[in-house]
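Just so we're aligned, residue 1 is where the sequence shown starts under UniProt numbering, counting upward by one.
Reading through the structure tokens given below for one structure.
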Amino acid sequence: MLEVNNVCVSFRSERQEKLFGTTRDQVLFDVSLKVPKGTCLGILGESGSGKSTLGRVICGLLKPDSGELKIHGTSVYASRSGRKNLQKRLGVVFQDYTTSANPRFRVKEIIAEGLSARERNQKVRLNRIEETNHLLELVGLNASYADRYPHELSGGQLQRVCIARAVACQPEIILFDEAISSLDAHTQVQIMDLLRELKEKLGLTYIFITHDLTSVTYLCDDVLFLYHGRITEHIPVSHIAETKDEYAKKLLASMIEFD
Ligand SMILES: Nc1ncnc2c1ncn2[C@@H]1O[C@H](COP(=O)(O)OP(=O)(O)OP(=O)(O)O)[C@@H](O)[C@H]1O
Ligand SMILES: [Mg+2]
């Protein structure tokens with residue numbers, strides 16, 4: 001359903017090594033992956049390994065230097081319609097739910113951002129209030145939250161609102177970039193249960209970027225390890241203990257120590 005083929009990304013370097021022209025730092029090297037419909041792919045790697053950069057390529061925000069992103073076989077970066085096609089099908093939830101939700105908006109207006117994206121796509125008029133309440137319920141909040149502002153919610157509640165906003169566009173795929181990392185362990189489990197439930201109910205496909213092994217084993221079907229911008233291993237979560245890859249082993253060992 002979603003395919004990344006031989007993607008390379010570099011950024012302009014801050015270092016001035018040459019007198020003329022600029023040097024570039026390569027962040028992703030020849031990255032390829034496939035996400036079948038209805039599955040959840042976890043992307044693991046240490047800080048700076050290029051996870052968010054890959055996430056930005058996947059959600060249509062960063063055109064790679066080379067390689068391509070395909071959704072249902074259609075290339076995303078080749079044309080404007082390709083990007084539109086992706087926008088229709090993909091929702092995103094970021095880590096920083098405090099800044100990704102406008103503090104001056106009420107919960108119902110935050111969710112409406114997702115709804116209007118869908119209206120643009122489908123040219124349908126919705127009963128906004130009913131729809132918002134339904135979405136709130138879907139993420140485990142009741143209708144009384146609709147009139148609150150972000151600062152009147154806990155982190156976990158606000159992240160649920162951001163999930164509702166992503167779901168409002170009726171995406172087929174949702175990308176989560178460290179979406180639950182800053183919540184406490186108990187809330188993380190609650191949100192992961194919610195994500196599992198939504199996945200079943202709505203037939204969603206997930207890409208889950210994280211540096212937390214526990215959430216990968218809890219939620220994902222497959223996992224890939226990213227090390228200095230290269231994929232070192234891509235395996236089913238059920239086989240994670242049998243990995244032969246040195247980096248994956250090291251990362252797993254360090255993560256288990258910290259648990
Ligand atoms: N817009 C940019 N311009 C220049 N360099 C960038 C840019 N975005 C990312 N980088 C660099 O790319 C590398 C990978 O960053 P990225 O954010 O993808 O890492 P990450 O794996 O998401 O890390 P973290 O776990 O800390 O979120 C870093 O060295 C970063 O400095
Ligand atoms: Mg990141």
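From the three backbone atoms N, C-alpha and C, an ideal C-beta is built for every residue, glycine too.
Residue i CB to nearest heavy atom of ligand 2 below 7 Å
i: E233; result: no
i: D177; result: yes
Ligand 3 heavy atom lying under 7 Å from the CB of residue i
i: D25; result: Ligand 3 is absent from the structure shown, which contains only ligand 1 and ligand 2.
For residue i: DSSP bridge partner residues
i: Q26; result: S10
i: E233; result: F225
i: N5; result: E68
i: I43; result: I209 and L224
DSSP three-state assignment for residue i, whether helix, strand or coil
i: I174; result: strand
i: Y77; result: coil
i: Y206; result: strand
i: S116; result: helix
i: S32; result: strand
i: I240; result: helix
i: L90; result: strand
i: residue 264; result: Lying before the first or after the last residue shown, residue 264 is absent from the chain, which here runs from 1 to 259.
i: G156; result: helix
i: V139; result: coil
Neighbour flag for residue i against chain C, beta carbons, 8 Å
i: Y77; result: Included in the structure is just one protein chain, with no chain C present.
Residues around ligand 1, please: the condition is that the C-beta lies closer than 6 Å to some non-hydrogen atom of it. F11, V27, G45, S47, G48, S49, G50, K51, S52, T53 and H211
Are at least three pairs of beta-carbons, each pair with one atom in the segment 50-64 and one in the segment 223-233, less than 8 Å apart? yes
Just checking, does the segment 86-100 make contact with the segment 171-179 on the three C-beta pairs under 8 Å criterion? yes
Check whether the segment 229-239 and the segment 27-38 touch, using three or more Cβ-Cβ pairs below 8 Å as the test. yes
Using 8 Å as the cut-off, can you tell me whether the segment 53-66 makes contact with the segment 2-9, which would need three or more C-beta pairs spanning the two stretches below that distance? yes
Mind the definition here: the segment 54-61 touches the segment 134-141 only if three or more C-beta pairs lie below 8 Å; say whether that holds. no
So, does the segment 208-215 touch the segment 177-186, judging by three or more C-beta pairs under 8 Å? yes
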